[in-house]
Amino acid sequence: MSDISAITVKNLVKSVATQEGELTILNGINMDVKHGESIAILGPSGSGKSTLLGLLAALDSPSSGEIILDGIAIQNLDEEKKAAMRKQKVSFIFQSFMLVDTLNALENVMLPAELAGISKAKEKAKAMLERVGLSHRLNHFPNQLSGGEQQRVAIARAFICEPKVLFADEPTGNLDAANSKKVADMLFELNRESSTTLVLVTHDLVLAKRCERQLLMDSGELSEARKKHLDATQPSVVKADSEPVKAEAS
Ligand SMILES: Nc1ncnc2c1ncn2[C@@H]1O[C@H](COP(=O)(O)OP(=O)(O)OP(=O)(O)O)[C@@H](O)[C@H]1O
Ligand SMILES: [Mg+2]
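Take 1 as the starting number for the sequence shown in the UniProt record's numbering and just add one per residue.
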């Protein structure tokens with residue numbers, strides 16, 4: 001079992017039909033992530049990072065290529081089996097949070113634990129929200145929370161089932177320096193204590209450097225990031241239009 005990779009990707013291609021014709025978003029991605037490894041994916045806005053993460057978590061289907069998640073070839077699964085696999089092994093922190101609008105913070109965090117039949121879901125959800133500094137916002141609905149608070153609820157929700165693999169799309173994108181550090185500490189605690197494999201998309205060079213490996217997405221192609229890509233004095237390589245590289249990275 002231990003020699004099976006957490007994630008293996010072979011020649012992954014994602015194309016979509018647009019009004020201007022076919023657009024190739026991912027152009028032959030290969031990668032291998034070991035169990036318990038932490039990986040940061042950097043790259044400019046629009047380069048295909050979120051698209052790749054969605055495919056790896058079986059939330060979307062590739063045009064061609066193979067994804068093997070914890071020994072299972074996910075392209076061979078029907079939607080029902082994919083959903084079961086996600087519930088069992090995977091958590092996802094979305095760039096846009098994807099909280100349930102009609103549930104308050106506590107209920108949002110409890111939901112996956114209840115669906116997975118975990119006992120004491122409410123107590124666990126409360127403890128998780130306390131860890132992300134939101135004990136005073138349990139009864140607030142998503143539209144009554146700031147962007148950073150919604151992000152922390154999403155993080156608490158992703159952690160509650162102690163997933164085998166955690167995918168996070170810009171987990172610190174809306175947080176100030178203090179909360180970014182708190183969230184990053186939590187991510188690596190989960191990585192250490194539960195051997196959770198981390199695959200993070202981030203523009204935050206401090207977070208990226210804490211990962212064991214850094215990959216660079218550029219125009220739908222993935223390669224090992226070089227030192228210059230992690231150098232905050234040359235931020236143009238990874239900087240998104242809307243998300244400047246954090247000042248504390250320098
Ligand atoms: N369903 C779709 N139809 C058409 N184009 C799409 C679709 N999904 C993504 N794209 C395009 O593919 C490219 C990659 O998108 P993606 O969201 O993966 O980028 P990203 O690297 O995550 O960017 P950011 O850092 O801004 O979040 C973008 O140019 C986007 O407009
Ligand atoms: Mg994105």
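Built from N, CA and C at the ideal position, the CB exists for glycine as well.
* If you drop the 5 nearest sequence neighbours on each side, which residues of the same chain put their C-beta closer than 7 Å to that of residue 244? -> Mapped onto the sequence shown, residue 244 falls at position 244. In this prediction, residue 244 scores a pLDDT of 37, lower than 50, which makes its location untrustworthy; the coordinate-derived value is nonetheless stated afterwards. There are no such residues.
* Please confirm whether residue 41 and residue 201 have their CB atoms less than 7 Å apart. => In the sequence shown, the residue the question calls residue 41 occupies position 41. In the sequence shown, the residue the question calls residue 201 occupies position 201. Result yes, Cβ atoms of residue 41 and residue 201 sit closer than 7 Å.
* **For residue 66, three-class secondary structure by DSSP** => Within the sequence shown, numbered from 1, the residue matching residue 66 stands at position 66. Here residue 66 sits in strand by DSSP.
* To do: Please name the residue or residues paired with residue 214 in a DSSP beta bridge.
  => Working through the sequence shown from its first residue, we reach residue 214 at position 214. 40, per the DSSP bridge assignment.
* Could you check what DSSP says for residue 74 in three-state terms: helix, strand or coil? => As a position in the sequence shown, residue 74 is number 74, starting the count at 1. Reduced to three states, the DSSP call for residue 74 is helix.
* State yes or no: is the C-beta of residue 50 nearer than 6 Å to some heavy atom of ligand 2? => Sequence index remark: in the sequence shown, residue 50 carries index 50 (1-based). Result yes, Cβ under 6 Å from ligand 2.
* **Limits of the unbroken alpha helix (DSSP H) element including residue 177** => Taking the sequence shown and counting its residues from 1, one reaches residue 177 at position 177. Where residue 177 is concerned, the enclosing alpha helix (DSSP H) stretches over 177 to 193.
* **Spatial distance of residue 17 from residue 137 (CA atoms)** => Sequence index remark: in the sequence shown, residue 17 carries index 17 (1-based). Sequence index remark: in the sequence shown, residue 137 carries index 137 (1-based). Going by the C-alpha atoms only, they are around 42 Å apart.
* To do: To the nearest angstrom, report how far apart residue 246 and residue 186 are at their CA atoms.
  => Position 246 of the sequence shown, counted from the first residue, corresponds to residue 246. Position 186 of the sequence shown, counted from the first residue, corresponds to residue 186. Legend: pLDDT at residue 246 = 37, less than 50; position of this residue unreliable, value from coordinates given subsequently. Taking the straight line from one Cα to the other gives about 19 Å.
* Asked: How many angstroms separate the CA atom of residue 11 from the CA atom of residue 197?
  -> Locating residue 11 in the sequence shown gives position 11, where the first residue counts as 1. Locating residue 197 in the sequence shown gives position 197, where the first residue counts as 1. Annotation: residue 11 to residue 197 spans about 22 Å, alpha carbon to alpha carbon.
* Hey, would you say the C-beta of residue 151 is under 6 Å away from at least one heavy atom of ligand 2? -> Within the sequence shown, residue 151 is the residue found at index 151, counting from 1. Not so, every heavy atom of ligand 2 lies at least 6 Å from the Cβ.
* residue 93 beta carbon near ligand 1 (any heavy atom closer than 6 Å) -> Here residue 93 refers to the residue found at position 93 when the sequence shown is read from its first residue. Incorrect: residue 93 has no Cβ contact closer than 6 Å to ligand 1.
* Close Cβ partners of residue 121 (< 6 Å) along its chain, the five nearest in sequence each way excluded -> What you label residue 121 is simply residue 121 of the sequence shown in a count that begins at 1. Its chain contains 110, 113 and 114 as the residues whose beta carbon lies nearer than 6 Å to that of residue 121, once the 5 sequence neighbours on both sides are disregarded; these appear in chain order.
* Asked: CB residue 95 to CB residue 32, shorter than 7 Å?
  -> Stepping through the sequence shown from its first residue, residue 95 is reached at position 95. Stepping through the sequence shown from its first residue, residue 32 is reached at position 32. Contact: no.
* Cβ of residue 67 versus every heavy atom of ligand 1: is any distance shorter than 6 Å? -> On the sequence shown, residue 67 is found 67 positions in, with the first residue counted as 1. Because no heavy atom of ligand 1 lies under 6 Å away, the Cβ of residue 67 does not count as near it: no.
* Asked: Around the C-beta of residue 23, are 16 or more other C-beta atoms found within 10 angstroms, so that it is buried, or is it exposed?
  -> What you label residue 23 is simply residue 23 of the sequence shown in a count that begins at 1. By the 16-neighbour rule on beta-carbons within 10 angstroms, residue 23 is exposed.
* Give a yes or no on whether the C-beta atoms belonging to residue 199 and residue 167 are separated by under 7 Å. => In the sequence shown, the residue the question calls residue 199 occupies position 199. In the sequence shown, the residue the question calls residue 167 occupies position 167. In this structure, residue 199 places its C-beta atom within 7 Å of the C-beta atom of residue 167.
* **residue 93 versus 183, 48, 26 and 119, residue with shortest Cα-Cα distance** => Counting from one through the sequence shown, the residue named residue 93 turns up at place 93. Measuring from the Cα of residue 93, the nearest candidate turns out to be 183.
* Asked: In chain order, what residues of the same chain have a beta carbon less than 6 Å from the beta carbon of residue 62, not counting five sequence neighbours either side?
  -> Position 62 of the sequence shown holds residue 62. Closer than 6 Å at Cβ, skipping near neighbours: 12, 14 and 55.
* Nearest-angstrom Cα separation, counted from residue 216 out to residue 225 -> As a position in the sequence shown, residue 225 is number 225, starting the count at 1. As a position in the sequence shown, residue 216 is number 216, starting the count at 1. Computed Cα separation, rounded: 5 Å.
* Closer than 8 Å by C-beta to residue 190: which residues in its own chain qualify, once you throw out the five before and the five after it? Chain order, please. => Here the question's residue 190 lines up with position 190 in the sequence shown. For residue 190, same chain residues with a beta-carbon under 8 Å away, outside a window of 5 residues either side, are 159, 162, 166, 196 and 198 in chain order.
* Give me the Cβ distance between residue 39 and residue 9, rounded to the nearest whole Å; I'm assuming they're in contact under 8 Å. => Here residue 39 corresponds to residue number 39 of the sequence shown, with the count starting at 1. Here residue 9 corresponds to residue number 9 of the sequence shown, with the count starting at 1. About 12 Å separates the beta carbon of residue 39 from that of residue 9, a gap too long to meet the 8 Å contact definition.
* Does the beta-carbon of residue 139 have 16 or more other beta-carbons within 10 angstroms, so that it is buried, or is it exposed? -> The sequence position of residue 139 within the sequence shown is 139, counting from 1. So residue 139 ends up on the exposed side.
* Touch check for the segment 42 to 51 and the segment 145 to 159: three-plus C-beta pairs under 8 Å? -> Under the 8 Å Cβ criterion, the segment 42 to 51 does not count as touching the segment 145 to 159, having fewer than three qualifying pairs.
* Asked: Cα-Cα, which of 127, 134 and 141 is closest to residue 101?
  -> Counting from one through the sequence shown, the residue named residue 101 turns up at place 101. Nearest C-alpha to residue 101: 141.
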